[in-house]
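Heads up: the sequence shown is residues 4 to 336, going by the working numbering. Glycine included, every Cβ here is placed at the ideal spot set by N, Cα and C.
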Amino acid sequence: MALLASPATSKGIVVTVPVLVLSALVAAVFLFFLLSTLSSCSCPSASNTPVSGGNNAVGGGLAVAGSANFPLSTTKEDVEWVKGQIRLNGLHMHDNVLRKGINPRTRAQQLEDLKNFKGISHYEGPESDNHTALPCPGELLVEEHHSNYGEPWAGGRDVFEFLAQSSQLKPDSRVLEIGCGTLRVGLHFIRFLNPEHFNCLERDELSLMAVFRYELPSQGLLFKRPLIVKGEDMDFSKFDSGVIYDLIYASAVFLHMPDRLVWSGLERLATRLKPYEGRIFVSHNIKFCSRLGGEECTKRLMSLGLEYLGKHTHDSLLFNHYEIWFEFRRSKA
């Protein structure tokens, strides 16, 4: 038995009944397996999917993983794992000598090329059609600013780990750095903290250009909106007077300031530090205090509501180096 197409058509299509029945059975089996697969899906439910706070959303809803999901500092297990990987791969430590690389040009040579050839990729034409219309100094493109502070750039991670751990920092904490330079340390705080929770006062213009035109864009951290202000003489008037900081730190900055200016800054900041729990850390030395003599320094700190808690030595995982830090707290509300 067959079903014929309409007589009106010049050519008929013949479909037998067994074919129709077989097609229906195949479709039913396919639908059964499809429904079974969907019902047994092991995809996480909405309640199990981590979602960051609304302020961390970028790109119209793409959530950025919260910093709380990551360990704050390196553990002993991490160090042992690294040692094991080096050993398993048969790697050997080399002397500290300059070796020829894949593209062996010094930063000075790279900078000369940038000047001669107008950058890595350059679009001619008016600014409206020029992708590089927002200028970036060549010194930043070859990362000369990574060598401006006398110590390896990688040391910034060590400083962050020590300060964040010592002050029991959380993503919603508030941090102020005095003299953040080109964010050798600050980048790690900005990444860890909630948006707008990192503040800095910096005096050097090229360092600030490095911050805004290189470091923040290259690290994908523009959405964090740190408040970084050009200023000197410990003038914090451009910062929100209502913000109370959990951590205030100065890394090798007070070394270059007269004692009078350091004390003036501490006086302005004392009431901006969270009582008891908040911390001020100063690296390298506290000559502004020790030059007064122990008893006189203690009295002066007390007059500001501050208390000296002690000295810490922090070792670096990345290179043969350690830093000395001095810790203070606000001893009264």
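Own chain, CB closer than 6 angstroms to E154, minus 5 neighbours either side, in chain order: Within the same chain, no Cβ atom closer than 6 angstroms to the Cβ of E154 is found once the five residues on either side in sequence are excluded.
Beta-carbon proximity check, E208 vs K233, cutoff 8 angstroms: In this structure, K233 lies closer than 8 angstroms to E208 by Cβ.
Secondary structure of D207, DSSP reduced to three states: Reduced to three states, the DSSP call for D207 is coil.
Proximity winner among L219, R263, L269, E330, relative to H317 (alpha-carbon distances): Here the closest residue by C-alpha is E330.
Strand pairing of L250, partner residues [DSSP]: DSSP, once it has assigned bridges, lists V178, R282 as partnering L250.
Span separating the alpha-carbon of F242 from that of S334: Counting only the Cα atoms, S334 lies some 23 angstroms from F242.
Beta-bridge pairing of H317 - partner residues as DSSP gives them: The bridge partners DSSP lists for H317 are E326.
Proximity to H315 [Cα-Cα], best of S169, N119, W84, L321: Nearest of S169, N119, W84, L321 to H315, Cα basis: S169.
Terminal residues of the beta strand (DSSP E) in which V162 lies: Careful: V162 lies outside any beta strand (DSSP E), inside the alpha helix (DSSP H) at 158 to 169.
Element boundaries [beta strand (DSSP E), containing E230]: The amino acid occupying residue 230 in the given sequence is Leu; Glu does not appear at that position. Counting along the chain, L230 sits inside the beta strand (DSSP E) bounded by residues 230 to 233.
Residues near I247 by beta carbon distance below 8 angstroms, same chain, minus five either side: When the five nearest sequence neighbours on each side are left out, the beta carbons in the same chain lying within less than 8 angstroms of the beta carbon of I247 are those of R177, R275, L276, K277, G281, in order along the chain.
Backbone CA spacing between L219 and E310 [nearest angstrom]: For the pair L219 and E310, the Cα-to-Cα distance works out to about 35 angstroms.
Among G308, P174, F257, G245, nearest to P74 - alpha-carbon criterion: For the residues G308, P174, F257, G245, the minimum Cα distance to P74 belongs to P174.
Of the residues D238, R206, E199, E205, the one placed nearest L225, counting alpha carbons only: For the options D238, R206, E199, E205, the alpha carbon positioned closest to that of L225 is the one of E199.
Helix, strand or coil at F239 [DSSP, three-state]: In the three-state reduction of the DSSP assignment, F239 falls in the coil class.
Helix, strand or coil at E310 according to DSSP, with G and I counted as helix: Residue state, collapsed to three classes: strand.
Beta carbon of R216 nearer than 8 angstroms to that of L143: In terms of Cβ geometry, R216 and L143 form a close pair [threshold 8 angstroms].
Three-state secondary structure (DSSP) of R271: It is helical.
Burial state of D249, where buried means 16 or more other Cβ atoms lie within 10 Å: Classified as buried, D249 has 16 or more neighbouring CB atoms from the shown chains inside 10 Å of its CB.
CB of S150 within 8 angstroms of CB of T185, strictly: Their beta carbons are not under 8 angstroms apart, which means S150 does not touch T185 by this criterion.
Neighbourhood of F201 by C-beta, 6 angstroms cutoff - its chain only, sequence neighbours within 5 removed: Around F201: V178, F192, I193, P229.
Host alpha helix (DSSP H) of G189 (start-end): Start and end: 189 to 195.
Beta-carbon spacing of V188, F163 below 8 angstroms: In contact: V188 and F163 (Cβ atoms closer than 8 angstroms).
Per-residue DSSP class, three states only, for N92: Assignment of N92 by DSSP, reduced to helix, strand and coil, places it in the coil class.
C-alpha distance - S76 paired with K118, whole-angstrom precision: Looking at the two C-alpha atoms, the distance is approximately 40 angstroms.
Beta-carbon proximity list for G308, same chain, < 7 angstroms, skipping 5 on both sides: Within the same chain, and ignoring the five residues on either side of G308 in sequence, the residues whose Cβ sits closer than 7 angstroms to its Cβ are A273, R333, S334, K335.
Segment limits, alpha helix (DSSP H) that includes E199: That residue, E199, is in no alpha helix (DSSP H); it is neither H nor E in DSSP.
Three-state class that DSSP yields for R110 in the structure shown: Helix.
Beta carbon of A253 nearer than 8 angstroms to that of G313: Contact flag unset, no.
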